[in-house]
Amino acid sequence: MKIDNKVMGTVLIFLCGIAIFLFFFNSKKIILSKNYKVYYRGQSYLYLGEYDKAIREYEKIKTGNLRDKRKLLALKNLKLAESYSLKGDVENSQKYIKYAKETKNRDIEVLNSIIFNEFINGKFQEALTFGEAALNDNKYNKELIKTMVSVYMVNDKKNEVIKIIESYKVDKTSSYDMAQYAGMLMNIGKTDEAMLYLQEAWNLDKDEYKIYDVLAQASIYDKELIINSIKKFQKTNLTSIAPMMWMAKIYSLNEETCKKSEELIKELKNKEIGNLQLSLIEAMTLQKLNKQDEAEYIINEMVKNNGNDYRVLHTAGWFYLYKNQLDDAEKYCINSINKNKKYVDNYAFLMPEILKKKDKTIGLPAYYREALSKEPYNFSIINSISNYYLHTVSKPKEAMKFLKISSKIRPLDSEIKYNMALIYFNSEKGKEAENILKECIKLDDNSVKYHRTLGAVYLSLGKPNEAITEMQKAFKLDKDDILNLNNTACYYIMYTNNFNKGYYNLNQALSSINSNTSEYTKKVIKDNLENIKSIIKKIEEGKGNESIKIPDFRLLY
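Here it is, written out as structure tokens:
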């Protein structure tokens, strides 16, 4: 049979079309597959603190011939912006944020990431301007609302914070969403209202881990407030068992109160309190009571029967961390992350604590950032980041960035301000330190260290009269404070030439040194004492009108 040439031509064109389609379809699949591999390699490098390697990986992401190439290009630039930010190179980070904006992509993932990266880089006004524009088209988007809560806070827009939290459409079918919303309410001081949402969440799922996370994190900073709020709630909800569970959790967090947790656990057994939480709380309580075998039995049984549950794996991670079995702790934490990549506490608290114990802290900022991207409003995460930069790696400039954010979220927290003052003082910005310490004293006039440190700042600024006034206030609050005794001695030696009084104060400081005194403090006091002894000896043995050089005396704060 002879085939018509036209038919043959049509068939060939059709087959060529299919071949071209399959070629491009498969090419796109290959590109996407390679991009995913590159993305996860880059993320792995971030967690190792190898930022240059992460940057080189993200630069390999291909964006051509893909349907969403503008979105992918924007996200590629934002991963580069994140990498440079973690590296401490804000200038390059901002450059890639600019490139992401230039794609004009309006996908909410892109918009929210731009705002979050601006916020983390300390570009609060830019984050606000871009964020409010994004809200025009996405005012009920939950991820955007979470980010904008923090953006409004750092820009001192308290009314907008309240409004945007109130605009959050709580999913009453999700215990996680209700608990997360309760956390937002606690951040703005609406603790009583938060309890109502926690009760609803508990009624829906008694094993919802987020309920207990919200309460645990809030209690770290004001345990008395949270316990009193739970008791107040309990009085108006007499039939609810939830408050007893919540208090058992909070009491289980500290060795000093875990006996109370044990008593509550005994009362709660055989009641309708879910399948997991009571056992998990009991295991951690027993561990703190040094009943290791009983605790480990519970953990092993939980893992055996619920080995795919991220909550059980997370608790097992904490259990082995406290036992100092760090490889096991890390294994359970990684398994928990793999079971639920959205669960914040693995990134924010458990993995950082494991890596600190392992002395592998270089990659911690990437874990913290991942956690904060999920809950930008979470004060506990922000505070952990500032503590990491302040105490673990001694990067005061980075610490200051997050302390400023913390101070906006908790404006009445004098300790946050105090840490800011110390950074200013150590950076030879005495005037800034003075101003913040005055704010600390307004919030807490009975703090020895606030008056003592302000006295030291005044001395460094050449204001001896103001200095001795603050030192005397500190002395009235604690006559045995060795740091203040040292500083008062420095005042008498340097500004009044009363060497004997200086010697007396330093001798008092020396006699009050105990096992809790740091080696640095001991050395400063001993060195200062030797210096004043030397001066007094020279005076006693010297000739009339002989010049005596006064050595440097070091302050403590």
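Just so we're aligned: the sequence shown equals residues 1227 to 1783 in my numbering. Think of the CB as a built atom: it goes at the ideal place given N, C-alpha and C, for glycine as much as any other residue.
Alpha-carbon spacing of residue i relative to residue j, whole angstroms
| i | j | result |
| --- | --- | --- |
| Phe1779 | Pro1578 | 39 Å |
| Ala1592 | Tyr1284 | 15 Å |
| Gln1460 | Thr1417 | 14 Å |
| Val1674 | Glu1641 | 13 Å |
| Asn1661 | Trp1428 | 45 Å |
| Tyr1783 | Ala1693 | 13 Å |
| Ile1765 | Ile1631 | 53 Å |
| Met1646 | Glu1527 | 46 Å |
| Tyr1603 | Asn1381 | 13 Å |
| Ala1405 | Tyr1573 | 18 Å |
| Ile1635 | Tyr1729 | 45 Å |
| Asn1724 | Asn1710 | 17 Å |
| Glu1392 | Phe1701 | 48 Å |
| Pro1777 | Met1697 | 22 Å |
| Pro1637 | Lys1699 | 25 Å |
| Glu1450 | Gly1415 | 14 Å |
| Ser1505 | Leu1274 | 34 Å |
| Phe1251 | Arg1293 | Because the pLDDT at Phe1251 is just 37, under 50, the model does not fix this residue reliably, and the point stays unresolved. |
| Glu1658 | Leu1732 | 29 Å |
| Ala1597 | Tyr1558 | 18 Å |
| Ala1420 | Leu1411 | 6 Å |
| Ile1560 | Glu1482 | 30 Å |
| Tyr1676 | Leu1703 | 11 Å |
| Tyr1746 | His1617 | 16 Å |
| Lys1313 | Met1379 | 26 Å |
| Ile1491 | Val1570 | 26 Å |
| Ser1633 | Ile1608 | 10 Å |
| Asn1566 | Lys1486 | 32 Å |
| Tyr1423 | Asp1403 | 10 Å |
| Asp1278 | Asp1315 | 11 Å |
| Cys1484 | Thr1373 | 36 Å |
| Lys1436 | Lys1727 | 58 Å |
| Tyr1262 | Ser1744 | 50 Å |
| Leu1590 | Lys1584 | 12 Å |
| Lys1752 | Glu1352 | 51 Å |
| Lys1365 | Lys1749 | 58 Å |
| Leu1755 | Asn1742 | 20 Å |
Anticipated Cβ contact below 8 Å, residue i with residue j, distance rounded
| i | j | result |
| --- | --- | --- |
| Met1471 | Ile1499 | 6 Å |
| Arg1513 | Phe1545 | Note that residue 1513 is Gln in the sequence shown here, rather than Arg. Right, the Cβ-Cβ distance comes to about 6 Å (below 8 Å), so this counts as a contact. |
| Ser1339 | Leu1370 | Between Leu1370 and Ser1339 the Cβ distance is about 10 Å, and since that is not below 8 Å, they are no contact. |
| Tyr1189 | Ile1580 | Examination of residue 1189 is not possible in this model, given that the chain is present from 1227 through 1783 alone. |
| Leu1354 | Val1377 | 5 Å |
| Thr1462 | Met1510 | 29 Å between Cβ atoms; not a contact. |
| Asn1367 | Ile1334 | 5 Å |
| Ile1719 | Ile1762 | At roughly 10 Å, the Cβ-Cβ gap does not stay under 8 Å, so Ile1719 and Ile1762 are not in contact. |
| Ile1446 | Ser1606 | 7 Å |
| Thr1690 | Tyr1721 | A quick correction: the sequence has Pro, not Thr, at residue 1690. Correct: roughly 4 Å between the Cβ atoms. |
| Val1619 | Thr1587 | 6 Å |
| Leu1576 | Gly1543 | 5 Å |
Own chain residues within Cβ distance below 7 Å of residue i, not counting five before or after
| i | result |
| --- | --- |
| Ser1311 | Ser1319, Asn1343, Ile1346, Asn1347 |
| Lys1475 | Tyr1438, Leu1441, Ala1442, Ile1507 |
| Asp1706 | Ser1738 |
| Ile1563 | Asn1572 |
| Asp1670 | Ser1640, Tyr1676 |
| Tyr1407 | Tyr1394, Val1396, Tyr1423 |
| Leu1807 | The question about residue 1807 has no answer here: the residues shown for the chain are numbered 1227 through 1783. |
| Ala1360 | Leu1337, Ile1341, Leu1370 |
Same chain, Cβ closer than 6 Å to residue i, five either side skipped, listed in chain order
| i | result |
| --- | --- |
| Gly1409 | Val1440 |
| Ala1280 | Gly1268, Tyr1271, Leu1272, Ser1309 |
| Ile1708 | Ala1735, Ser1738 |
| Thr1289 | Lys1295, Leu1298, Leu1299 |
| Asn1331 | Arg1296, Lys1297, Ala1300 |
Cut-off 8 Å between Cβ atoms - residues of its own chain near residue i, not counting five sequence neighbours on either side
| i | result |
| --- | --- |
| Val1336 | Lys1297, Ala1300, Leu1301, Leu1304, Ala1326, Thr1329 |
Proximity test, residue i beta-carbon vs the ligand NAP heavy atom, cut-off 6 Å
| i | result |
| --- | --- |
| Lys1321 | In terms of ligand content, the structure shown is empty, and the ligand NAP therefore cannot be addressed. |
At a cut of 8 Å, does the region 1339-1351 reach the region 1319-1328 through at least three beta carbon pairs? Taking 8 Å as the limit for Cβ pairs, the verdict is that the region 1319-1328 does touch the region 1339-1351.
Measuring CB atoms only, is the region 1530-1545 touching the region 1465-1479, in the sense that at least three cross pairs come out at less than 8 Å? Fewer than three Cβ pairs drawn from the region 1530-1545 and the region 1465-1479 lie within less than 8 Å of each other, which leaves the two stretches out of contact.
Whether or not the region 1706-1714 and the region 1679-1688 are in contact is what I'm after, with contact meaning three or more pairs of Cβ atoms, one per stretch, closer than 8 Å; do they touch? Segments in contact, yes.
Sufficient close CB pairs (3 or more, under 8 Å) joining the region 1509-1522 to the region 1552-1560: Contact check between the region 1509-1522 and the region 1552-1560: fewer than three CB pairs, one atom from each, fall below 8 Å, which does not count as touching.
Are the region 1495-1511 and the region 1416-1436 touching, with three or more C-beta to C-beta distances below 8 Å? Between the region 1495-1511 and the region 1416-1436, the count of Cβ pairs shorter than 8 Å is three or higher; the stretches touch.
Contact between the region 1396-1404 and the region 1621-1633: three or more CB pairs below 8 Å? Contact annotation: the region 1396-1404 does not touch the region 1621-1633, with fewer than three C-beta pairs closer than 8 Å.
Count the C-beta pairs between the region 1646-1659 and the region 1611-1625 that are closer than 8 Å, then say yes if the count reaches three, no if not. Under the three-pair Cβ rule at 8 Å, the region 1646-1659 counts as touching the region 1611-1625.
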